[in-house]
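Trainee: Numbering (our numbering), first residue to last: 3 to 199.
Where is the CB? At the ideal position from N, CA and C, for every residue including glycine.
All figures in this text were calculated on a predicted structure; none of them were measured in a lab.
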Amino acid sequence: MSLKNQSVSKRTKTIVRVAVLSALSAILYALPGIPIIPPIYKLDFSGICVFLGAMWMGPIEGIIIALFKDITGLVHSSSAGVGELADFICSVAFILPIAFFRKKADTGLKKAVMLVLSVLLMALAGAAANYWILIPFYVKGTMTIEKIVGMIAKVIPAVDSLGKLILFATVPFNLLKGAIISVIVMILDWRLEKIVR
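Here is the structure:
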């Protein structure tokens, strides 16, 4: 096979993989999430496909999968697309360490460290997205900050202000979500990497 044919074949495989992972991610995103801190934060597993795509093919492919997932998510959005924007920001933040360390992470330990960095960056991005994008959107609608804080305080009594909501609800939720998805990603990567490559 010529170099040109090999290049076309590789590009075709990448397109197919991105398409399959995008479709799976969109399906998982459409499913009802698991309530972790109701009524705001629910755990969904759509990020698994995004992060596997980024690990296996590269950060650009991961971002494309995330973008497709969040655009299709607009169909059933309950936040006029603001939740999808926040989700996309968190996904990109998770992918950034993969972009820098993916090729160097050639052992299970290095991949684990890379994913820990991804989780921490995603939690930071999630806090910022909630503080400056998601919660202000609800405040401009029918909600008030006091009402949002009150809803979360029913689950986490320590929450009595927006700052504490971010600290005691948003950050722990994103750390938990990132940790769960990272463990699943590590298991699937270990099981499927040779087949994919």
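What residues are listed by DSSP as bridge partners for S36?
Mentor: According to the sequence displayed, residue 36 carries Ile and not Ser. Partner(s): L45.
Trainee: Since M124 contacts F96 with CB under 8 Å, what's their CB separation in whole angstroms?
Mentor: 4 Å between Cβ atoms; contact.
Trainee: Would you kindly report the start and end of the unbroken alpha helix (DSSP H) that includes Y140?
Mentor: Here the alpha helix (DSSP H) through Y140 covers I137 to K142.
Trainee: My understanding is that I38 touches L178, with C-beta atoms under 8 Å, so please give their C-beta distance in whole angstroms.
Mentor: The pair is a contact, with the Cβ atoms about 7 Å apart (cut-off 8 Å).
Trainee: How would you label P40, buried or exposed, when you count the other beta carbons within 10 angstroms and need 16 or more for buried?
Mentor: Exposed, because fewer than 16 other Cβ atoms sit within 10 Å of the Cβ of P40.
Trainee: For A160, count the other beta carbons within 10 Å of its own beta carbon; 16 or more makes it buried, fewer makes it exposed. Which is it?
Mentor: Result: exposed.
Trainee: Which term fits A131, buried or exposed, when burial requires 16 or more other beta carbons within 10 angstroms of its beta carbon?
Mentor: Buried, because 16 or more other Cβ atoms sit within 10 Å of the Cβ of A131.
Trainee: Given 8 Å as the limit, tell me if I137 has its C-beta closer than that to any heavy atom belonging to the ligand NAD.
Mentor: The model depicted lacks the ligand NAD and carries no ligand whatsoever.
Trainee: Check A107 in the structure and name its three-state DSSP category.
Mentor: Coil, per DSSP.
Trainee: Alpha carbons only, please: which of W134, I91, I29 and S11 is nearest the one belonging to I65?
Mentor: Comparing Cα-Cα distances from I65 to each of W134, I91, I29 and S11, the minimum goes to I91.
Trainee: Span of the alpha helix (DSSP H) holding T74?
Mentor: P61 to G75 is the extent of the alpha helix (DSSP H) around T74.
Trainee: When you compare each of L122, L194, S81 and V121 to K142 by their alpha carbons, which one comes out closest?
Mentor: With distances taken between Cα atoms, K142 lies closest to S81.
Trainee: For R13, count neighbouring Cβ atoms within 10 angstroms of its own Cβ and tell me buried if that reaches 16, exposed if not.
Mentor: It is exposed - the Cβ of R13 has fewer than 16 other Cβ atoms within 10 Å.
Trainee: Rounded to the nearest angstrom, what separates D162 and Y43 at their Cα positions?
Mentor: Those two C-alpha atoms are separated by around 17 Å.
Trainee: Looking only at its chain, what residues have a beta carbon closer than 6 Å to the beta carbon of A129, apart from the 5 residues adjacent to it on each side?
Mentor: If we look at A129 and ignore the five residues flanking it on each side, its Cβ neighbours are I168, T172 and V173.
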